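Here the sequence shown stands for residues 7 to 402, where the numbers follow this note's numbering.
Ideal placement from N, C-alpha and C gives every residue a C-beta, glycine not left out.
Note that the structure is a prediction, hence the values are computed from the model and not measured.
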Amino acid sequence: MKIFTKTIAAILTASLAVCSAAPVNAAFTDIPSSAVVTSNDNVKVPTFTSDEEMLKYIRSEMRNRVESFTVALKGVSVAESSNYNDMLLTKIFDSTGNPKEGSYLFLGVRNINVKTSADDDIFKIDFELSYMTTYDQETELDTQIKKLVSAMPLILGENYKDLPDAEKVAKGYDYFVKLMKNVDHVEDKNDLSLYSAYSVLVNKKANSIGFVQLFIRTLAEIGIDSQVMFTSIDLTGKLGSHFIPAVCIDGTYYLCDPVSDFILGNGDNKFLLKGTNDLDSSEEYKKAVEKQGLSLNKLAEQNGVALYSYDKKFEFGDVSGDGLIDSVDASMILAEYARLSSSDKCGIFSAGQKNAADIDKNGQIDSVDTSIILSYYAYKSISSDNKTLSDYVSKK
7 MKIFTKTIAA ILTASLAVCS AAPVNAAFTD IPSSAVVTSN DNVKVPTFTS
57 DEEMLKYIRS EMRNRVESFT VALKGVSVAE SSNYNDMLLT KIFDSTGNPK
107 EGSYLFLGVR NINVKTSADD DIFKIDFELS YMTTYDQETE LDTQIKKLVS
157 AMPLILGENY KDLPDAEKVA KGYDYFVKLM KNVDHVEDKN DLSLYSAYSV
207 LVNKKANSIG FVQLFIRTLA EIGIDSQVMF TSIDLTGKLG SHFIPAVCID
257 GTYYLCDPVS DFILGNGDNK FLLKGTNDLD SSEEYKKAVE KQGLSLNKLA
307 EQNGVALYSY DKKFEFGDVS GDGLIDSVDA SMILAEYARL SSSDKCGIFS
357 AGQKNAADID KNGQIDSVDT SIILSYYAYK SISSDNKTLS DYVSKK
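Given below as structure tokens:
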């Protein structure tokens, strides 16, 4: 599963950013090793033998809006414990399939302070947290979410469960932008009552983060994973720095910005299922990226999101979209194959690129497709005929 904490400086980052638009601040400090849990401690501390079991417990406490708790992990040496600092604030917010976890939980946390210590083979972690909502508010929100989910047949259609995920997202996105018209949008970063899905559905007043949290929670309720990315680029002139959901369609994440579409109010859903290359139709976005010394391809790769929009068409073999079929396309296909072979198995090719890259039409992007592209490129370099890649493949 893609980890949403990959960063790209000030352009798009899903890190726990300490900034005016981000709800989470995080701090790690050490506590004396004498505080490590032992068999003689009077206070019983939940102690685990695996990272995953410990993380499940931490997420459970956070879902229940517990403000102070401690966990311990067996079998961790003092030397190994230093590696856990970064892991804690990334793995905690991994997607798990639970709609109340992942990015939804991330946006629900206001502050995290974590104190760690290690002694012998026991690693102890103290958590102090504050949240955007209370447990009772989350319980009330759950009731409203159930009502929203029960209305999905009306919003998405009677047979919405059978629809492709891209169509579900498109219909849901359109509904969500219209829903925002019935809620006061107040972009006040100092009013903490505005930062949640609860503030949208119950208080009928929220800032952009509240709307984004509801958007990703609703998608998660119908089985569609989304992560949050952070952008310092304001494409509306009214919003300022804000979060953008990255929604997973067929194993690739695409950017969605319903709040910007609501603010623009032109009804064309300009920011639906976009890639890093075409998030903005103007040159503003590309110029901002270039100032950071990043190529758009690198921008997509570092964040694990698509380079192009979901609906962009590509000619067979031409995954670069430059009108040529050459070594550039072969290199891009090979790089995508490497990404898909990695531990998170998350690529950046859009739907159109995937179709164009599958040269042998076996449903996979792999080194065979690269070899065919290179073979065709070599053939065209010495031949003057007009044989297309399709013709070349069919006669092999």
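Between VAL265 and PHE217, the CB-CB gap stays under 7 Å. If you ignore the 5 residues before and after SER136, its C-beta comes within less than 7 Å of the C-beta of GLU73, ARG116, ASN117, all in its own chain and listed in chain order. Judged by their CB atoms, ILE339 and THR376 are nearer to each other than the 7 Å cut-off. DSSP places LEU169 outside any alpha helix (DSSP H), giving it a letter other than H or E. LYS121 and ILE131 have their C-alpha atoms roughly 6 Å apart. When the Cα atoms are used, ALA176 and ASP57 turn out to be separated by approximately 37 Å.
When DSSP assignments are scanned along the region 170-243, the uninterrupted stretches of beta strand (DSSP E) that are 3 or more residues long and fall wholly within it turn out to be 232-237. Within the same chain, no Cβ atom closer than 7 Å to the Cβ of ASP126 is found once the five residues on either side in sequence are excluded.
In the DSSP annotation of this structure, the continuous segment of the alpha helix (DSSP H) that includes GLU144 starts and ends at 141-156. For ARG69, the enclosing alpha helix (DSSP H) has its first and last residue at 57-69.
ILE64 and LYS276 have their C-alpha atoms roughly 38 Å apart.
DSSP places ILE131 inside the beta strand (DSSP E), whose first and last residues are 128-137.
The DSSP-derived three-state label of LEU245 is coil.
Residue burial is scored here from C-beta neighbours: SER389 has fewer than 16 other C-beta atoms within 10 angstroms and is therefore classed as exposed. Shown here, TYR398 sits in a helix according to DSSP, grouped into three states.
Contact between the region 204-218 and the region 96-105 is absent: fewer than 3 CB-CB pairs across the two stretches fall below 8 Å. Under the DSSP assignment, VAL84 falls outside any beta strand (DSSP E), being part of the alpha helix (DSSP H) whose first and last residues are 84-87. For ILE365, there is no enclosing alpha helix (DSSP H), since its DSSP letter is neither H nor E. In this structure, MET186 lies near PHE268, with their beta-carbon atoms less than 7 Å apart. Under the three-state reduction of DSSP, VAL374 is assigned to helix. No Cβ-Cβ contact shorter than 7 Å links LYS393 with GLY358.
Considering only TYR259, LEU346, PHE322, the residue with the shortest C-alpha distance to ASN309 is TYR259. For the 7 Å CB-CB criterion, ALA172 and ILE228 do not form a contact.
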